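Counting with my numbering, you get residues -17 to 86 for the letters of the sequence shown.
The next block holds one structure in the form of structure tokens; read it before the comments.
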Amino acid sequence: MARWIKVLHSDDPTPIAQIPFVVRAAGKELLLMKTLKGEWKSWEPQCPHQKASLMGVRPDEAGCIVCPLHRYRFCLEDGYETQGRGRLYLFPIKEVEHEVFVFL
Ligand code: FES
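Encoded structure:
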């Protein structure tokens, strides 16, 4: 059953904005990032096209990540590929009193 799972505690080190990092929760690996606007994003670490790793891929100025294998570009606002070639799943994420939760 899906539920909100705490992935960052209030005493964890403060993440650097715009730098994705990996967390493990409920047996899954997820990428998390805090944007410059202070919003949280979380997405799967594999590209939805052919499952290339998205680890270490940083967003561009427009807030999109480009898969290193075939250069599909996914916007972290809604997950859609900018040329309509699929969608990266974005996990629901929220911050409550300096703790971060992902809906898994
Ligand atoms: S595997 Fe990512 S674009 Fe093809």
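Note that CB positions come from ideal geometry on N, CA and C, so glycine has one too.
Just so you know, these numbers come straight off a predicted model, no measurement behind them.
- Item | Whether E81 touches S24 by CB criterion (8 angstroms) | Start at 1 with the first residue of the sequence shown, and residue 81 comes out as number 99. Start at 1 with the first residue of the sequence shown, and residue 24 comes out as number 42. Not a contact, by the Cβ cut-off of 8 angstroms.
- Query: Buried or exposed: M15, going by 16 or more other Cβ atoms within 10 Å of its Cβ?
  - Reply: Numbered from 1 along the sequence shown, position 33 holds the residue referred to as residue 15. Counting Cβ neighbours within 10 Å, M15 comes out buried, since at least 16 surround it.
- Query: Which first and last residues belong to the beta strand (DSSP E) in which I88 is found?
  - Reply: Because the chain is modelled from -17 through 86, residue 88 falls outside the range shown and cannot be assessed.
- Query: Are V84 and V4 touching if we call contact CB-CB under 8 angstroms?
  - Reply: The sequence position of residue 84 within the sequence shown is 102, counting from 1. The sequence position of residue 4 within the sequence shown is 22, counting from 1. No.
- Task: Kindly examine ligand 1 and report whether one of its heavy atoms sits closer than 7 angstroms to the Cβ of C29.
- Result: Here residue 29 is taken as the residue at index 47 of the sequence shown, counted from 1. Because some heavy atom of ligand 1 lies under 7 angstroms away, the Cβ of C29 counts as near it: yes.
- Message: Checking the sheet assignment: what are the DSSP bridge partners for M15?
- Response: Residue numbering aside, residue 15 sits at position 33 when the sequence shown is read from its first letter. According to DSSP, M15 bridges with K23.
- Query: How far does the beta strand (DSSP E) with A7 in it reach, from first residue to last?
  - Reply: For the purposes of this step, residue 7 is taken as residue 25 along the sequence shown, with counting starting at 1. It spans 3 to 7 - the beta strand (DSSP E) in which A7 sits, taken as one unbroken run.
- Would you mind sorting W22 into buried or exposed? The rule is 16 or more other CB atoms within 10 Å of its CB. Start at 1 with the first residue of the sequence shown, and residue 22 comes out as number 40. Answer is buried; the Cβ neighbour count reaches 16.
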